[in-house]
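Here the protein sequences line up with chains A and B, keeping their order. Here my numbering is used: the first residue of the first sequence is 438, the next is one more, and so on. Here my numbering is used: the first residue of the second sequence is 37, the next is one more, and so on. Using N, Cα and C, we set each Cβ at its ideal position, and we do this for glycine too. Structure first, commentary second.
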Amino acid sequence: MAKELLKGNVAAAEAALRGGCDFFAGYPITPSTETLEYLSHRMPELGMKERFIQSENEIAAINMVMGAASAGARAMTASSGPGISLKAEGMSYAAHYSIPFVLLNVQRWGTGLGSLKSGQADYFRECKGGGHGDYHNIVYAPFNIQEMVDDMYEAWDVAEKYRVGVTMFSEAVLGQMMEAVEMPPFKKREKELDWGVDGTGTKGMKYPTGDGWDYVEFELEKYNRIIDEMQRWEFYNVEDADYIFTAVGLPARACLDVIAKLRARGEKVGMLRPKIIWPFPFLGFEELHRVNPHVKGFISVEMNDMGQMVDDVALAAKKAGFNVPVYCYPCGGGVPQVKAIIAKYQDILDGVLKEKY
Amino acid sequence: MTIIKKIPDKLGQHALCAGCGHGIVIRLIQEVLQELGQADNQIAVVGVGCICTATSALKVDRFQAAHGRACATAEGIKRVRPNVVVYTYQGDGDAYTIGIAESLNAAYRNENITMISINNTNFGMTGGQMSWTTLPGQKTETSVNGRDCELTGLPFHFPEMVANSQGFHVAYAARGTVNDVKSINQTKRMIRNAFEAQLNGEGFSVVEVLTACPTNWHMTPQQCQERISTSVESEYPVGEFKKRG
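Structure, rendered in structure tokens:
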């Protein structure tokens with residue numbers, strides 16, 4: 438199929454439909470609104486007029502998604518940081534009932550209202566829970582629009598396989614920019630779900646009730662399977678690298694340019710890019726240790742203010758057997774400049790920037 | 037003449053307080069749905085509150101919604117299962133206080149769902165605090181000197197609001213009680229109207245039922261009956277505020 442030039446938020450919406458999405462509820466919020474706008478006319482075009490709801494607020498949207506998914510739909514909502522804070526309650530409920538659904542977070546920078554700069558400040562919230570209780574969503578962190586399309590296309594297969602929520606960790610610039618992408622064909626769920634509410638009372642929601650160990654074991658079994666099966670990462674120039682950048686999303690693309698520039702002047706640097714950030718690719722660090730045990734340090738480049746992913750980088754590096762410093766360059770809001778990353782790298786070599794761990 | 041007691045197929049046991057009205061309403065819902073041939077074609081979306089001690093009385097497909105969000109969840113279900121009878125079952129705290137946004141917006145969009153709300157003029161499950169339906173001067177755990185409407189607002193009238201406000205075009209809105217045989221039969225007819233409206237695709241229907249809360253009102257069931265038929269009904273009139281077209 439020919440490639441099309443599409444905006445990230447639109448591509449994500451179309452890829453969701455190709456992947457079987459047949460219910461959407463959402464509320465306008467910059468920088469994710471194009472997803473809502475596109476689906477408002479695209480779903481009626483596909484005969485799903487009633488399956489699109491512009492909801493009264495973010496909270497209603499996630500509760501509509503829960504209802505629709507329980508009734509058998511492949512349901513999605515989309516928002517940005519502040520809106521997803523409001524959805525946190527619903528995400529916890531969805532986790533409690535093991536309801537599969539997809540959430541697109543087109544992140545802006547900052548706390549509170551934040552700003553419209555691109556951001557990755559929701560790492561903790563998306564990867565460590567966010568709502569009350571113990572739970573995780575599987576969190577995809579694509580670094581170009583094609584990868585976001587491919588991830589979105591797979592999202593419900595994975596969500597339904599494990600009965601878990603899936604979060605797309607997008608960001609303002611990735612949602613707003615355009616790239617050439619190839620759309621996959623429309624597909625449907627392969628076999629009927631063996632749970633859900635259809636009015637007959639014959640299946641039901643099928644999750645362990647109560648607060649005993651059977652519930653805990655059900656949860657542990659589910660999440661441990663995901664940890665075993667869903668770790669994904671990509672290496673770039675790691676074999677001989679002294680320093681390894683770790684980054685996701687657009688900072689990872691900036692790091693690719695950084696690596697090219699530093700390599701051109703003889704600096705041995707590489708990158709480990711997590712493609713999924715929960716479960717975090719601990720296995721990737723172990724493989725890196727087998728490939729190149731001589732790494733001198735890790736540098737986590739993130740679009741937030743204090744560094745968040747760096748905690749997982751440090752843990753994964755330690756678990757893999759690296760006893761080396763872990764540095765962090767949290768660049769604040771907006772995609773980091775290549776020259777700024779190179780300057781931070783130089784600061785590390787000069788001993789000016791101290792390790793975080 | 038032999039009187040045969042018929043218990044609806046989908047009715048189970050509950051663990052509600054003695055004298056509580058919830059049990060009667062749940063039974064009426066199941067009687068009506070069985071009479072309409074919908075016993076095996078229903079999804080109950082239940083709110084958070086006293087109903088949590090009675091979900092086992094609903095032996096049907098059900099979804100325990102988050103507090104106040106039942107109407108939103110029910111909308112999601114109904115859009116996916118348009119041929120199934122979908123209703124919410126909520127208390128006044130759930131439906132009108134924390135859930136005011138979701139309830140009003142479902143009515144505003146005239147979603148083809150049914151809302152059964154139980155108004156016992158307080159938050160029952162948490163031990164009798166003031167809700168938006170608490171009567172002026174009523175003593176609760178958070179209005180120990182009686183509700184001060186100057187500070188806390190006036191009693192909340194959801195059925196009247198969605199029946200009579202400009203911009204709302206709901207299918208059916210009514211209020212009943214389950215205080216005696218006559219009112220139980222009247223409320224049953226209201227519930228039947230509400231479900232028939234949904235089955236005909238007429239849109240949003242709501243039946244609010246005034247019920248007793250002996251535990252938190254600190255009254256005997258007889259005293260509760262007396263209170264409902266006097267002060268509660270004088271604030272919340274029984275009747276149909278929006279009749280079916």
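Following the continuous beta strand (DSSP E) through residue i, name the residue where it begins and the one where it ends.
i: F99 (chain B); result: 97 to 100
i: R545 (chain A); result: 538 to 546
i: R626 (chain A); result: Segment: none, R626 (chain A) is in no beta strand (DSSP E) and carries neither H nor E.
i: I575 (chain A); result: 575 to 577
i: R183 (chain B); result: No beta strand (DSSP E) holds R183 (chain B); DSSP gives it neither H nor E.
i: A680 (chain A); result: Note that residue 680 (chain A) is Tyr in the sequence shown here, rather than Ala. That run of the beta strand (DSSP E) goes 680 to 683.
i: M615 (chain A); result: 615 to 618
The alpha helix (DSSP H) spanning residue i covers which residue range?
i: L709 (chain A); result: Looking at the DSSP string, L709 (chain A) is not in any alpha helix (DSSP H); the run it does join, the beta strand (DSSP E), is 706 to 711.
i: G275 (chain B); result: Segment 275 to 278 is the beta strand (DSSP E) holding G275 (chain B); no alpha helix (DSSP H) there.
i: I264 (chain B); result: I264 (chain B) -> no alpha helix (DSSP H), and no H or E assigned at all.
i: N661 (chain A); result: 650 to 666
i: G484 (chain A); result: Looking at the DSSP string, G484 (chain A) is not in any alpha helix (DSSP H), and its letter there is neither H nor E.
i: V243 (chain B); result: Here V243 (chain B) belongs to no alpha helix (DSSP H); instead the beta strand (DSSP E) covers 241 to 246.
i: G520 (chain A); result: 518 to 533
i: G504 (chain A); result: 495 to 507
i: I785 (chain A); result: 775 to 786
i: M585 (chain A); result: 582 to 599
i: M255 (chain B); result: No alpha helix (DSSP H) holds M255 (chain B); DSSP gives it neither H nor E.
What does residue i touch in chain A if you count any residue whose Cβ is under 9 Å from its own?
i: D76 (chain B); result: G636, T637, G638, T639
i: R263 (chain B); result: Residues of chain A passing the Cβ test: none, with the nearest at roughly 34 Å.
Which partner residues of residue i appear in the DSSP bridge assignment?
i: F461 (chain A); result: A:F489, A:M513
i: C765 (chain A); result: A:S737
i: M197 (chain B); result: DSSP lists no partner for M197 (chain B).
i: E608 (chain A); result: A:Q544
i: W715 (chain A); result: A:V576
i: A209 (chain B); result: B:V242, B:K278
i: F159 (chain B); result: B:Q165
i: M151 (chain B); result: B:T124, B:V242
i: G633 (chain A); result: A:G641
i: I79 (chain B); result: B:D97, B:V122
i: M37 (chain B); result: According to DSSP, M37 (chain B) bridges with nothing at all.
Note down, in chain order, every chain A residue with its Cβ under 7 Å from the Cβ of residue i.
i: I79 (chain B); result: V634, G636
List the residues of chain B that residue i touches, going by C-beta distances under 7 Å, in chain order.
i: N494 (chain A); result: A137
i: S507 (chain A); result: F99, I113
i: Y530 (chain A); result: A102
i: A510 (chain A); result: V116
Check whether the Cβ of residue i lies closer than 9 Å to any Cβ atom in chain A.
i: Y125 (chain B); result: no
i: R211 (chain B); result: no
i: V121 (chain B); result: yes
i: N141 (chain B); result: yes
i: K46 (chain B); result: yes
i: A102 (chain B); result: yes
i: H144 (chain B); result: The sequence given here places Tyr at residue 144 (chain B); His does not occur at that position. Yes, Y144 (chain B) counts as interfacial toward chain A.
i: R105 (chain B); result: yes
Output, in chain order, the set of chain A residues within a Cβ distance shorter than 8 Å of residue i.
i: E238 (chain B); result: The contacting residues do not exist; E238 (chain B) stays about 16 Å from chain A at best.
i: K95 (chain B); result: G638
i: A110 (chain B); result: G504
i: R225 (chain B); result: Near R225 (chain B) there are no residues of chain A at all, since even the closest Cβ is about 24 Å away, more than 8 Å.
When you compare the CB of residue i with every CB in chain B, is at least one pair closer than 9 Å?
i: I490 (chain A); result: yes
i: M503 (chain A); result: yes
i: D559 (chain A); result: no
i: N500 (chain A); result: yes
i: G734 (chain A); result: no
i: M642 (chain A); result: yes
i: Y464 (chain A); result: no
i: A701 (chain A); result: no
i: A497 (chain A); result: yes
i: A609 (chain A); result: no
Going along chain B, which residues have a C-beta under 8 Å from residue i?
i: E487 (chain A); result: R115, P118
Could you check whether residue j and residue i sit closer than 9 Å to each other, using their CB atoms as the reference points?
i: G509 (chain A); j: R117 (chain B); result: yes
i: M503 (chain A); j: L541 (chain A); result: no
i: E656 (chain A); j: Y572 (chain A); result: yes
i: A453 (chain A); j: V539 (chain A); result: yes
i: G484 (chain A); j: F606 (chain A); result: no
i: N146 (chain B); j: F194 (chain B); result: no
i: G83 (chain B); j: A143 (chain B); result: no
Whose Cβ in chain B lies nearer than 9 Å to the Cβ of residue i?
i: F460 (chain A); result: G112, R115, V116
i: A525 (chain A); result: What A525 (chain A) touches in chain B: nothing, since even the nearest Cβ is about 11 Å away.
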